[in-house]
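Colleague: Here it is, the structure, as structure tokens.
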Amino acid sequence: MKLCIDIDDYHSFPKWDCSDVLVNLVSEFPKVKVTLFVTPYINKVPLTDYPQALDRIRDMIQNGNIEVFPHGLTHKWFLKGEFGVCPRVITKKKIKESIEYLKKADIPFKNGYKFPWHIYNNSSLNVLSELNYLLFSNKKVKTFPDKRVIVWNDLENLNKRYIQTEDY
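Sequential numbering of the sequence shown, starting at 1379, is according to our numbering.
Right under this line is the structure:
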């Protein structure tokens, strides 16, 4: 049996850190694959403030159990999410800042993005397209090339099945 787990809002802050649980999971199921959607700042706390958790994450990335994708910069709600009403310039700045933060923190990540609360606008999609990044979403997007979108409700075209808690 193949098992894949998808975790949103990962941050090393103890309230959100699940790296110790993931270490136990991987020791019990060595072939498990976990996708972490990582947010660099939660409540103004930088991801790098808790390096021991990041060391565990890096080890599991190196062993092939974890893959990481950026998930916003701050995950703060502003009108319609972090990106819902942002103009292109601000969207691009935030996306690039989140990418640069993960690079600086030495967290290997893949070229894709999951917007907090699945809220974004056409500017957001244009920036991802420029970066040649995948979009993770819970809805079909007609203005973004379908090959670049991983949609949880359209599983027939995926090699990887994503499960949300309401599916259990």
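Think of the CB as a built atom: it goes at the ideal place given N, C-alpha and C, for glycine as much as any other residue.
Rounded to whole angstroms, what's the CA-CA distance from Y1479 to D1398? Just pull it up for me.
Modeller: 23 angstroms
Colleague: For R1466, which residues from the same chain have a beta carbon less than 7 angstroms from its beta carbon, with the 5 sequence-adjacent residues on both sides left out?
Modeller: Around R1466: S1501, N1504 and V1505.
Colleague: Please tell me whether L1432 and A1483 are closer than 8 angstroms, where the distance is taken between their beta carbons.
Modeller: yes
Colleague: Pull up the distance between the alpha-carbon of T1417 and that of I1385, whole angstroms please.
Modeller: 11 angstroms
Colleague: Rounded to whole angstroms, what's the CA-CA distance from K1538 to R1434? Just pull it up for me.
Modeller: At K1538 the pLDDT is 47, less than 50, meaning the model places this residue with poor confidence and gives no usable figure here.
Colleague: Grouping DSSP H, G and I as helix and E and B as strand, with all else coil, what is E1406?
Modeller: helix
Colleague: Return the CA-CA distance between Y1419 and F1391, expressed in angstroms with no decimal places.
Modeller: 10 angstroms
Colleague: Could you spell out the range, first to last residue, of the alpha helix (DSSP H) harbouring I1468?
Modeller: R1466 to K1482
Colleague: If we require 4 or more residues per run, which alpha helix (DSSP H) segments fall completely within the region 1411-1450?
Modeller: 1429-1440
Colleague: Would you call the region 1463-1477 and the region 1434-1445 touching, i.e. three or more CB-CB distances under 8 angstroms?
Modeller: No, because fewer than three Cβ pairs between the region 1463-1477 and the region 1434-1445 fall closer than 8 angstroms, the two stretches do not touch.
Colleague: For D1614, does the three-state DSSP call read helix, strand or coil?
Modeller: As displayed, the chain neither begins before 1379 nor continues past 1546, which places residue 1614 out of reach and without an answer.
Colleague: Kindly indicate the opening and closing residues of the beta strand (DSSP E) around Y1548.
Modeller: The chain is shown from 1379 up to 1546; residue 1548 falls before or after that span and cannot be answered.
Colleague: What distance in whole Å lies between the Cβ atoms of F1514 and Y1491, which are believed to be in contact at a cut-off of 8 angstroms?
Modeller: 7 angstroms
Colleague: Considering only the beta carbon of each residue, do V1401 and I1383 sit closer than 8 angstroms?
Modeller: no
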